[in-house]
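A.B. asks: Once you've had a glance at the structure underneath, I'll fire off some questions.
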Amino acid sequence: MKLLIAGDVCMGHGRCYGIAPDIVTYDDEGYPTIRDELLAVPDDRVAAAEEVAATCPEEAISIIDD
Amino acid sequence: MATPPQVPQRDVGGCPVMHRDFAPAGPAGCYWDLAKELRDGSPVYFNTFAQGYWVFTRHDAVKDIYKTPEIFSSESFTPWEPNPVYRFVPTQIDAPDHIKYRRILNPWFSPRAIDAAEDDLRVLCRGLVEEVAPKGATDFVNEFALRFPTEGFLHVIGVPPKDADLFVPWVEDFFAGFSGDPAGLERMTSALGGIREYFVAALEERRGETEPRPGDLASHLLHSTFDDRPLTDTEMLDMLTVLVLAGLDTTRAELGYMFRHLAEHPEHRRRLIEDPELIPLAVEEVLRYYTIIFGDGRKVTRDVEFHDVQLKQGEMVYGLVSAANRDPEHWERGEEFVIDRTRNNHMGFANGPHRCLGMHLARREMRLAVEEWLRVIPDFHIATDEQLTERGGGSMMTLLELPLAWETA
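Protein chains in written order, with my numbering: chain A, 1 to 66; chain B, 1 to 409.
In structure tokens:
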């Protein structure tokens, strides 16, 4: 599984890295460091990644199944 | 609060019409009851109050208003006052300039900035809790919820904490007029003047310094640029003013409702004490369930059909965020407080480009308040039989007082 954060939709709420800082890292303005590029999800973190996508208030995060 | 509907000045195409003033104070919680009543009644109303404006009550429309800023301008966010006397920057600025101002401010309120301030914030919080703990009773709103975020916010922007005593009454006076109550307009204007004078002097004192003072936002603004030119004094004053108004009042309000909830739910206090990892989830649920933004206003930029009504350019809309955040169409058990709710994608900090700048500071202060309070005062109750009062939804709901009491050792 991978996550994709849409850079033009993300508004920097920070809920994603609040839940899973190991999957999503953030920059000095509070936006995810990696946007518009696939983010790897370790096999044991699939549930957390689903939680991340479902929690985004802007619906900026999609799940890409392998 | 309700008066008989009046005939609107324009044909609203069969949309339900109401005539409601959202300014008056009422019993605590009444504005969430009203939000539910309106949401259950219709997805949209035309409110003939003031010049008349549209009220959208459901999650999908409120979200669409936030997510379509090219149609819904932030030029005014009070639907009963399309042309306010104040101009908040970047709150009332649309694209493309909005993001340029936001980028000047974002680093000051980013998670990293708040991480760096957390130890100081905790010391502030702990000091206030330990001051009230031996007394066995307090007015939580005025002795804690107002002081902690005020001192915390002033610390983050580098204003001396002693000046908190100046800012608190200005903020109170501003919100007396913000909701459209004509009796409060003079106080609001005078408060804006006071805040402005304070920052005019602060900018004057710092002007001409070759380096920005570390941790001092006013000084930082003097060294910031917009499209490669320095910020004007008006821009800097409009930015500092809105930060003070938004930063001092809103977290106070959320803390008040959060601690009223904890006072009334010993089982929730116990869960948070036994499992502190739940505190961040509980904070998000407070922000969803007790959304203090009754509604958020926008100005329509062009004629458009939106959620089955025909909007005209220049009209105002009001998206009831408080109703959307409990809408059963979006939420399971939406009208229920679920302390460990997950997938809680609430709009308590708004949505779209204008999402709350101070959100990371606010939720950190809420978490610290719970941690520090429960550590010292694990059991407390509301110390009055009288009905608590909240400020009108038009100004954002907030408890005017919250008497709490507890056993002392």
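Here a beta-carbon is modelled for each residue, glycine too, at the ideal position from N, C-alpha and C. This one's a predicted model, so the numbers in the text were calculated from it and none came from an experiment.
Between the beta-carbon of A218/B and the beta-carbon of L243/B, is there less than 8 Å?
C.D. replies: For the purposes of this step, residue 218/B is taken as residue 218 along the second sequence, with counting starting at 1. For the purposes of this step, residue 243/B is taken as residue 243 along the second sequence, with counting starting at 1. No, Cβ-Cβ distance for A218/B and L243/B is not below 8 Å.
A.B. asks: Going by DSSP, what residues sit across from Y45/B in a beta bridge?
C.D. replies: Working through the second sequence from its first residue, we reach residue 45/B at position 45. Bridge partners of Y45/B: V55/B.
A.B. asks: In its own chain, which residues sit with a C-beta less than 6 Å from the C-beta of S42/B, not counting the 5 before and 5 after it?
C.D. replies: Looking up residue 42/B in the second sequence gives position 42. Only P16 meet the Cβ criterion.
A.B. asks: For P32/A, would you say it is in contact with chain B, using Cβ-to-Cβ distances shorter than 8 Å as the test?
C.D. replies: Residue mapping note: residue 32/A aligns to position 32 of the first sequence, counting from 1. With 8 Å as the cut-off, P32/A does not count as an interface residue toward chain B.
A.B. asks: Out of M18/B, Y31/B and G14/B, state which residue places its alpha-carbon closest to the alpha-carbon of S395/B.
C.D. replies: The sequence position of residue 395/B within the second sequence is 395, counting from 1. Of the candidates M18/B, Y31/B and G14/B, the one whose C-alpha sits nearest the C-alpha of S395/B is Y31/B.
A.B. asks: How would you call A40/A, buried or exposed, if buried means at least 16 neighbouring beta carbons within 10 angstroms?
C.D. replies: Locating residue 40/A in the first sequence gives position 40, where the first residue counts as 1. Answer is exposed; the Cβ neighbour count stays below 16.
A.B. asks: Please name the residue, chosen from D308/B, G295/B and R302/B, that lies closest to E410/B on a Cα-to-Cα basis.
C.D. replies: This structure cannot speak to residue 410/B, because chain B is shown only from 1 to 409.
A.B. asks: Along chain A, in chain order, which residues have C-beta atoms closer than 7 Å to that of S73/B?
C.D. replies: For the purposes of this step, residue 73/B is taken as residue 73 along the second sequence, with counting starting at 1. What S73/B touches in chain A: nothing, since even the nearest Cβ is about 17 Å away.
A.B. asks: Beta-carbon of G352/B versus every beta-carbon of chain A: anything under 8 Å?
C.D. replies: For the purposes of this step, residue 352/B is taken as the residue at position 352 of the second sequence. Judged by the 8 Å Cβ criterion, G352/B is in contact with chain A.
A.B. asks: Assign D411/B to buried or exposed, taking buried as 16 or more other Cβ atoms, counted over all protein chains shown, within 10 Å of its Cβ.
C.D. replies: Residue 411/B lies beyond the residue range present for chain B, which begins at 1 and ends at 409; the question has no answer from this structure.
A.B. asks: Indicate whether I273/B and T398/B have their beta-carbon atoms separated by less than 8 Å.
C.D. replies: Along the second sequence, one-based indexing puts residue 273/B at 273. Along the second sequence, one-based indexing puts residue 398/B at 398. No. Outside cutoff.
A.B. asks: Pull the bridge partners of I63/A from the DSSP assignment, please.
C.D. replies: Locating residue 63/A in the first sequence gives position 63, counting from the first residue. DSSP lists L3/A as partners of I63/A.
A.B. asks: Can the beta-carbon of D94/B be found closer than 8 Å to that of P69/B?
C.D. replies: Position 94 of the second sequence, counting from 1, holds the residue named residue 94/B. Position 69 of the second sequence, counting from 1, holds the residue named residue 69/B. Against a cut-off of 8 Å, the Cβ pair of P69/B and D94/B comes out as a contact.
A.B. asks: Closer than 9 Å between beta carbons: that is the criterion. Which residues of the segment 1–28 of chain A meet it against chain B?
C.D. replies: V9, M11, G12, H13, G14, R15, Y17, G18, I19, Y26, D27 and D28
A.B. asks: May I have the straight-line CA-CA distance separating S375/B from M258/B, to the nearest angstrom?
C.D. replies: If you number the second sequence from 1, residue 375/B lands on position 375. If you number the second sequence from 1, residue 258/B lands on position 258. A quick correction: the sequence has Arg, not Ser, at residue 375/B. Computed Cα separation, rounded: 16 Å.
A.B. asks: Looking at chain A, which residues of the segment 329–352 of chain B have a Cβ within less than 8 Å of any of its Cβ atoms?
C.D. replies: T342, R343, N344, N345, H346, M347, F349, N351 and G352
A.B. asks: Between the C-alpha atoms of E348/B and Q310/B, what's the straight-line distance to the nearest angstrom?
C.D. replies: Start at 1 with the first residue of the second sequence, and residue 348/B comes out as number 348. Start at 1 with the first residue of the second sequence, and residue 310/B comes out as number 310. Looking at the sequence itself, residue 348/B is Gly, so the reference to Glu does not match. Using only the alpha carbons, I get a separation of about 27 Å.
A.B. asks: How should D296/B be labelled, buried or exposed, when 16 other C-beta atoms within 10 angstroms of its C-beta is the threshold for buried?
C.D. replies: The count along the second sequence starts at 1 and reaches residue 296/B at position 296. D296/B should be labelled buried.
A.B. asks: Helix, strand or coil for H13/A per DSSP?
C.D. replies: Looking up residue 13/A in the first sequence gives position 13. Coil, per DSSP.
A.B. asks: So the beta strand (DSSP E) M316/B belongs to, where does it begin and stop?
C.D. replies: Position 316 of the second sequence, counted from the first residue, corresponds to residue 316/B. Looking at the DSSP string, the run of the beta strand (DSSP E) that includes M316/B is M316 to G319.
A.B. asks: At which residues does the alpha helix (DSSP H) containing G152/B begin and terminate?
C.D. replies: For this step, residue 152/B is matched to residue 152 along the second sequence. Note, G152/B: alpha helix (DSSP H), R147 to I157.
A.B. asks: Have a look at H261/B, T408/B and E386/B and flag the residue whose alpha-carbon is nearest the alpha-carbon of G26/B.
C.D. replies: Walking along the second sequence from the start, residue 26/B turns up at place 26. Per the Cα distances, E386/B.
A.B. asks: Could you name the residues of the same chain whose beta carbon sits closer than 6 Å to that of P79/B, not counting the 5 residues immediately before and after it, in chain order?
C.D. replies: If you number the second sequence from 1, residue 79/B lands on position 79. If we look at P79/B and ignore the five residues flanking it on each side, its Cβ neighbours are Y53, G297, M316 and Y318.
A.B. asks: From I71/B to W373/B, what distance separates their C-alpha atoms?
C.D. replies: Numbered from its first residue, the second sequence carries residue 71/B at position 71. Numbered from its first residue, the second sequence carries residue 373/B at position 373. I71/B and W373/B: Cα-Cα distance of roughly 44 Å.
A.B. asks: Looking at chain B, is there any beta carbon in it that lies within less than 8 Å of the beta carbon of A60/A?
C.D. replies: Here residue 60/A is taken as the residue at index 60 of the first sequence, counted from 1. False, the Cβ-Cβ gap to chain B never drops below 8 Å.
A.B. asks: So that I know if they touch, is there some Cβ in chain D lying closer than 8 Å to that of H360/B?
C.D. replies: Reference to chain D is not applicable here, since the protein chains of this structure are A and B.
A.B. asks: Taking contact to mean at least 3 C-beta pairs separated by less than 8 Å, is the segment 174–188 of chain B in contact with the segment 146–156 of chain B?
C.D. replies: no
A.B. asks: Using only the alpha-carbon positions, how far apart do E204/B and T210/B sit?
C.D. replies: By one-based count along the second sequence, residue 204/B stands at place 204. By one-based count along the second sequence, residue 210/B stands at place 210. If I take the Cα positions, the gap works out to 14 Å.
A.B. asks: Please state if the CB of A201/B and the CB of W170/B are separated by a distance shorter than 8 Å.
C.D. replies: For this step, residue 170/B is matched to residue 170 along the second sequence. For this step, residue 201/B is matched to residue 201 along the second sequence. No; because the gap between Cβ atoms is not below 8 Å, this pair is not in contact.
A.B. asks: When the cut-off is 8 Å and only beta carbons count, does R103/B lie next to chain A?
C.D. replies: By 1-based counting over the second sequence, the position of residue 103/B is 103. R103/B counts as touching chain A.
A.B. asks: Where A23/B and M1/A are concerned, what is the direct C-alpha to C-alpha distance, given to the nearest angstrom?
C.D. replies: Here the question's residue 23/B lines up with position 23 in the second sequence. Here the question's residue 1/A lines up with position 1 in the first sequence. About 49 Å.
A.B. asks: So which of P276/B, L248/B and V370/B has the shortest CA-CA distance to N142/B?
C.D. replies: Residue 142/B sits at position 142 when you count from the first residue of the second sequence. Residue L248/B is the option with its Cα nearest to N142/B.
A.B. asks: Distance cutoff 8 Å, beta carbons only. Does A54/A sit that close to anything in chain B?
C.D. replies: Translated into positions along the first sequence, residue 54/A becomes position 54. Yes, its Cβ sits closer than 8 Å to a Cβ of chain B.
A.B. asks: Which residues in chain A sit within 9 Å of N142/B, going by Cβ to Cβ distance?
C.D. replies: For this step, residue 142/B is matched to residue 142 along the second sequence. Listed by position along chain A, the residues whose Cβ is nearer than 9 Å to that of N142/B form an empty set, because the closest Cβ is around 31 Å away.
A.B. asks: Just to check my reading of the structure: N344/B and E284/B have Cβ atoms closer than 8 Å, yes? What is that Cβ distance to the nearest angstrom?
C.D. replies: Against the second sequence, residue 344/B aligns to sequence position 344. Against the second sequence, residue 284/B aligns to sequence position 284. Right, the Cβ-Cβ distance comes to about 5 Å (below 8 Å), so this counts as a contact.
A.B. asks: Helix, strand or coil for H381/B, going by three-state DSSP, please let me know.
C.D. replies: Residue numbering aside, residue 381/B sits at position 381 when the second sequence is read from its first letter. If DSSP states are grouped into helix, strand and coil, H381/B belongs with the strands.
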